[in-house]
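What follows is a single structure, written as structure tokens, with notes after it.
Number of protein chains: 2
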Amino acid sequence: MAKKDKDAKEQIQKLKARVKKLKEQLAKKDAGKKKVKKPSLVSPLAPKSFPALPEIAGVEFAAAAAGVKYQGRTDVMLAKICEGAAIAGVFTTSSTRAACILDCQAKLKLRGAANSSDGAAIVVNSGNANAFTGAAGQTSVEAVTGAVAEALGVPAARVFSSSTGVIGEPLPHDRIIAKVPELRDALTGGGLELAARAIMTTDTFPKGASAEVAGDGGTIRIAGIAKGSGMIAPNMATMLVYIFTDAKISQRDLQKILSRNVDDTFNAITVDSDTSTSDALIVAATGKTEAAPITDMRTRAARDFEAALRAVMMDLAHQVVKDGEGATKFVEVRVTGAANAADAHKVAMSVANSPLVKTAIAGEDANWGRVVAAVGKSGAKADRDTLTISFGDMVLAEKGWRVPDYSEEAASAYMKQQELVIGVDLGLGRAAKSVWTCDLTHRYIDINADYRS
Amino acid sequence: MAKKDKDAKEQIQKLKARVKKLKEQLAKKDAGKKKVKKPSLVSPLAPKSFPALPEIAGVEFAAAAAGVKYQGRTDVMLAKICEGAAIAGVFTTSSTRAACILDCQAKLKLRGAANSSDGAAIVVNSGNANAFTGAAGQTSVEAVTGAVAEALGVPAARVFSSSTGVIGEPLPHDRIIAKVPELRDALTGGGLELAARAIMTTDTFPKGASAEVAGDGGTIRIAGIAKGSGMIAPNMATMLVYIFTDAKISQRDLQKILSRNVDDTFNAITVDSDTSTSDALIVAATGKTEAAPITDMRTRAARDFEAALRAVMMDLAHQVVKDGEGATKFVEVRVTGAANAADAHKVAMSVANSPLVKTAIAGEDANWGRVVAAVGKSGAKADRDTLTISFGDMVLAEKGWRVPDYSEEAASAYMKQQELVIGVDLGLGRAAKSVWTCDLTHRYIDINADYRS
Chain L
971 MAKKDKDAKE QIQKLKARVK KLKEQLAKKD AGKKKVKKPS LVSPLAPKSF
1021 PALPEIAGVE FAAAAAGVKY QGRTDVMLAK ICEGAAIAGV FTTSSTRAAC
1071 ILDCQAKLKL RGAANSSDGA AIVVNSGNAN AFTGAAGQTS VEAVTGAVAE
1121 ALGVPAARVF SSSTGVIGEP LPHDRIIAKV PELRDALTGG GLELAARAIM
1171 TTDTFPKGAS AEVAGDGGTI RIAGIAKGSG MIAPNMATML VYIFTDAKIS
1221 QRDLQKILSR NVDDTFNAIT VDSDTSTSDA LIVAATGKTE AAPITDMRTR
1271 AARDFEAALR AVMMDLAHQV VKDGEGATKF VEVRVTGAAN AADAHKVAMS
1321 VANSPLVKTA IAGEDANWGR VVAAVGKSGA KADRDTLTIS FGDMVLAEKG
1371 WRVPDYSEEA ASAYMKQQEL VIGVDLGLGR AAKSVWTCDL THRYIDINAD
1421 YRS
Chain Z
971 MAKKDKDAKE QIQKLKARVK KLKEQLAKKD AGKKKVKKPS LVSPLAPKSF
1021 PALPEIAGVE FAAAAAGVKY QGRTDVMLAK ICEGAAIAGV FTTSSTRAAC
1071 ILDCQAKLKL RGAANSSDGA AIVVNSGNAN AFTGAAGQTS VEAVTGAVAE
1121 ALGVPAARVF SSSTGVIGEP LPHDRIIAKV PELRDALTGG GLELAARAIM
1171 TTDTFPKGAS AEVAGDGGTI RIAGIAKGSG MIAPNMATML VYIFTDAKIS
1221 QRDLQKILSR NVDDTFNAIT VDSDTSTSDA LIVAATGKTE AAPITDMRTR
1271 AARDFEAALR AVMMDLAHQV VKDGEGATKF VEVRVTGAAN AADAHKVAMS
1321 VANSPLVKTA IAGEDANWGR VVAAVGKSGA KADRDTLTIS FGDMVLAEKG
1371 WRVPDYSEEA ASAYMKQQEL VIGVDLGLGR AAKSVWTCDL THRYIDINAD
1421 YRS
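So the sequence lines, in the order shown, correspond to chains L and Z. For the first sequence, this note's numbering puts the final residue at 1423, and the numbers step up evenly by one. For the second sequence, this note's numbering puts the final residue at 1423, and the numbers step up evenly by one.
Right under this line is the structure:
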């Protein structure tokens, strides 16, 4: 063989060996690569689709992309409410609440504003909370509600606004005002889903719920939307809820019904114990139903209406938890046998907010000892020897210790479910309270530890 | 060129190109590989080494490996305390507290037990909390303290025990009792570090602190150890603290000093807001100092002793936070200007326990808006327009809005520090409170979501 041939052959062999080695190295890299599950874009607890909501006579909706902070999506919603509608609301108890909240509260106290023969409106933006923005915050609220009032021909005192997003930055209200004519022109009775999408921040799904109830002489319809527990990277989660009904009811009665049902619905959910500066729940009743007015709260029709409204509130509240930051489990903490209502609430919230309980749930660990510890720290009256802890229908511990036939396997199997009920019976009295929460996962930290950008 | 030559040349070129491509692919894989920091085995906030602690005349220590749960490490510590020592203690307020806690509290109430001419002992195990174990729990406590009493020739009423670990499982007290003779034979004045190691659960470093104070006619020495904020996978973190001094002081005075300093030290720290069933802090004063007895709390010597004891308590409390589960930052929340002490405490704890504040710190995000929100939700009196928020010496927000010369860059740079001070001035009164906490990181979830094994 010529030297040249030999050299070439050798070179080819060397190169082939080199290729083989590199291929092996590459294969190794691929095999060694940890399979990182990408977080789903939608909560695993989300409903399959947005529900079909009935149109509520007397309310129209529109959404627009004002670029308050987000680009390429809608971030302002407008609801126009007919003349004579009753408006009721409940708001965050935070002592550092946002300018729009203070404005809504002031307006709802004006009897004329909440229950008037004039039209009304709700305008909501995402992307900026207009909270802790000093006097400029109130100026922005007045500018936005004023522009809406003028465009729709309703008094400014009947225009309610909400803002959700970053705290402490001035609201670019000009961008919202510039979109008001477009919003007015786009108003439609069927626009509730668009509105639900426009108020999302980092919510992973739009939230809607509805009910129909047989009134005297006709049907009463209720439809509501909510946002909550998603974060604008990385700012305050805010829960916003708007419910509309065609019921004929006074503002006074509507407010009463709302107030007495909020404790067991929206005030009974917690994702991370951090109360927002901007939570708002507004209900508007247009009176456009063919059914008789609700004037006497003792009638069957009134009770049915209240039950239906409460069901819509509960449904939306649960959807907020199901979109809790990083949530993979939906958990009811069901406290019974408490000495009094305050204690029942304390124990339920102590368990629902315990990071150790919530991380155990995330890890599908049947660590009922942490539930015991959370009961113990709650400050409520509790007695080790009368305490019963159960998961679903399974009693795990009672009379001061785990049950004789305690099965770690059965308890662990239960934890694999997506929806869990943790039962705590204090064995001391008859007060009870259920609250709803989600687990605490890595995703919660991913969402909230990110730099603001 | 011969065809053969040409083929060889082509093949070589092809192979070279193939090698080049594979190299590029490999380089890409390497570049794309996310640099995953393995969690350090020791907290980044740990002191460089265990401190040199003075021997306290009248106390001896030993540690043994009883295999309560862990294998291959010490898990029981024994402290023998000389005749006539004064013993004081404070314990968890949990209503589901462990059997050993109930036993310690009962014994400390016996005046004869806490301040007697007899000897005394402390016996502590890690690996099992003996909590929520019903009547069997008390039986275990009696068995262990009884065995120690017999081996050391001290009354059982002067033997105090603690247990830390899994809740709800029977304590295998026979394993501990079997080691008592070995522990007795190993007792030595210099054994405090061994004791500190034996009570660790998933603590990442043993915790010790000491002080010396000039008494009248001689030196008074104080040395203490603590465990805390590590988890026994995945059970309740428990803080255990034992402090020893050769001071000559009555049980009554020792208890008074302890009780009035615990609120600003151990009760002013929080890792995750989850109070344990088993927290215990015991102080023993042997009276072996050459310095004069402390009988009048108004003397300089008494005040110096109290200050020194408080300093040791504070040092150990801070070490517990620095070993907080997953901690990478040590944070002081310093509240001033509160209307009253209760409000100062509420605001400080609301900020220190806010998951949103703690995740922002983990992400080194200067998200002071979350501090505002945590103040707002605390339930304490607060006014947006008198509130001042500062990070270190930097005022970020005051008079209802961020300061005019607010610098996001400067605030972000501050967050990179390992030790942070978040200042909240409410501008309403003169009450103040500092509490200490750590950040909330992925490691916290890793530690606590693991299956029990």
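Positions of the beta carbon are idealized from the N, C-alpha and C atoms, including for glycine.
Taking 8 Å as the CB-CB cut-off, is Z/Lys1079 touching chain L? Z/Lys1079 does not count as touching chain L.
CB contact flag (L/Gly1097, L/Val1038, <8 Å): yes
Cβ-Cβ separation, Z/Ser1404 to Z/Glu1302 (assumed contact under 8 Å), whole Å: 6 Å
Beta carbons nearer than 9 Å to chain Z: which residues of the segment 1390-1423 of chain L have them? Asp1409, Leu1410, Thr1411, His1412, Tyr1414, Ile1415, Asp1416, Ile1417, Asn1418, Ala1419, Asp1420, Tyr1421 and Arg1422
Using DSSP's beta-bridge definition, name the partner residues of Z/Thr1407. As computed with DSSP, Z/Thr1407 is found in a beta bridge with Z/Thr1240 and Z/Val1301.
Give every residue of the same chain whose Cβ lies closer than 8 Å to the Cβ of Z/Asp1274, excluding the five residues on either side of it in the sequence, and list them in chain order. Val1183, Ala1184 and Gly1185
Could you say if the segment 1292-1300 of chain L and the segment 1246-1265 of chain L meet the contact criterion of at least three C-beta pairs nearer than 8 Å? no
State whether the segment 1299-1319 of chain Z contacts the segment 1027-1043 of chain L, with contact taken as three or more CB pairs (one from each stretch) at a distance under 8 Å. no
Going straight from the alpha carbon of L/Trp1406 to that of L/Ala1322, what length do you get? 7 Å
List in chain order: all unbroken alpha helix (DSSP H) runs of 4+ residues lying wholly within the segment 1269-1347 of chain Z. 1270-1292, 1311-1322, 1325-1332 and 1338-1347
Test item: CB-CB of Z/Ser1324 and Z/Arg1340 under 8 Å: yes
Along the chain, where does the alpha helix (DSSP H) that runs through L/Asn1418 open and close? His1412 to Ala1419
Name the two residues that bound the continuous beta strand (DSSP E) containing L/Val1365. Met1364 to Glu1368
Separation of Z/Val1124 from Z/Glu1025, as counted between CA atoms: Approximately 22 Å, taken between the alpha carbons.
Unbroken beta strand (DSSP E) run spanning Z/Ile1392, endpoints: Run containing Z/Ile1392: Glu1389 to Asp1395, per the beta strand (DSSP E) assignment.
What does Z/Asp1242 touch in chain L if you count any residue whose Cβ is under 8 Å from its own? Chain L residues near Z/Asp1242: Pro1325 and Leu1326.
Beta-carbon within less than 6 Å of Z/Gln1108's beta-carbon, same chain only, minus the 5 sequence neighbours each way: which residues are those? Non-local C-beta neighbours of Z/Gln1108 in its own chain, meaning closer than 6 Å and more than five positions away in sequence, comprise Ala1069, ordered along the chain.
Alpha carbon of L/Glu980 to alpha carbon of Z/Lys984, nearest angstrom: 15 Å
Cβ neighbours of L/Lys1003 in the same chain (closer than 8 Å, five flanking residues each side left out): Because L/Lys1003 carries a pLDDT of 45, less than 50, the predicted location of this residue cannot be relied on, and no value is offered for it.
Contact list for L/Thr1329 against chain Z, beta-carbon separation under 7 Å: Ile1415, Asn1418 and Ala1419
Does the Cβ of L/Arg1043 have 16 or more other Cβ atoms within 10 Å, making it buried, or fewer, making it exposed? By the neighbour-count rule (16 or more Cβ atoms within 10 Å), L/Arg1043 is not buried but exposed.
At a CB distance below 8 Å, what residues from the segment 1351-1372 of chain Z approach chain L? Give them in sequence order. For the segment 1351-1372 of chain Z, which is checked against every Cβ of chain L, the residues closer than 8 Å are Lys1351, Ala1352, Asp1353, Arg1354, Asp1355, Leu1357, Ala1367, Lys1369, Gly1370, Trp1371 and Arg1372.
Helix, strand or coil for L/Thr1215 per DSSP? strand
How would you call Z/Val1012, buried or exposed, if buried means at least 16 neighbouring beta carbons within 10 angstroms? Z/Val1012 should be labelled exposed.
Buried or exposed: where does L/Leu1286 fall if 16 or more other Cβ atoms within 10 Å of its Cβ makes it buried? buried
Does DSSP put L/Gly1161 in a helix, a strand or coil? coil
Look at the Cβ atom of L/Ala1016, then the Cβ atom of L/Phe1236, and state whether they are nearer than 8 Å. no
Quick one: Cα of L/Ala1179 to Cα of L/Ile1190, how far? 14 Å
Give the residues of chain L in contact with Z/Thr1171, contact being defined as C-beta atoms less than 7 Å apart. Within 7 Å Cβ-Cβ: nothing; Z/Thr1171 doesn't reach chain L, min ~14 Å.
Can the beta-carbon of Z/Ala1193 be found closer than 8 Å to that of Z/Phe1214? In this structure, Z/Phe1214 lies closer than 8 Å to Z/Ala1193 by Cβ.
Pull up the distance between the alpha-carbon of L/Thr1356 and that of L/Asp1363, whole angstroms please. 18 Å
Looking at the unbroken alpha helix (DSSP H) that takes in Z/Thr1109, where does it start and where does it end? Gly1104 to Leu1122
Give, in chain order, every residue of the segment 1189-1200 of chain L whose Cβ lies closer than 8 Å to some Cβ of chain Z. none
Would you tell me roughly how many angstroms separate the C-alpha atoms of Z/Leu992 and L/Ala987, rounded to the nearest one? 13 Å
Identified DSSP bridge partners for L/Ser1132: L/Val1094
Report the residue from L/Leu1398, L/Asp1242, L/Leu1279 and L/Asp1395 whose alpha carbon sits nearest the alpha carbon of Z/Lys1347. Nearest C-alpha to Z/Lys1347: L/Asp1242.
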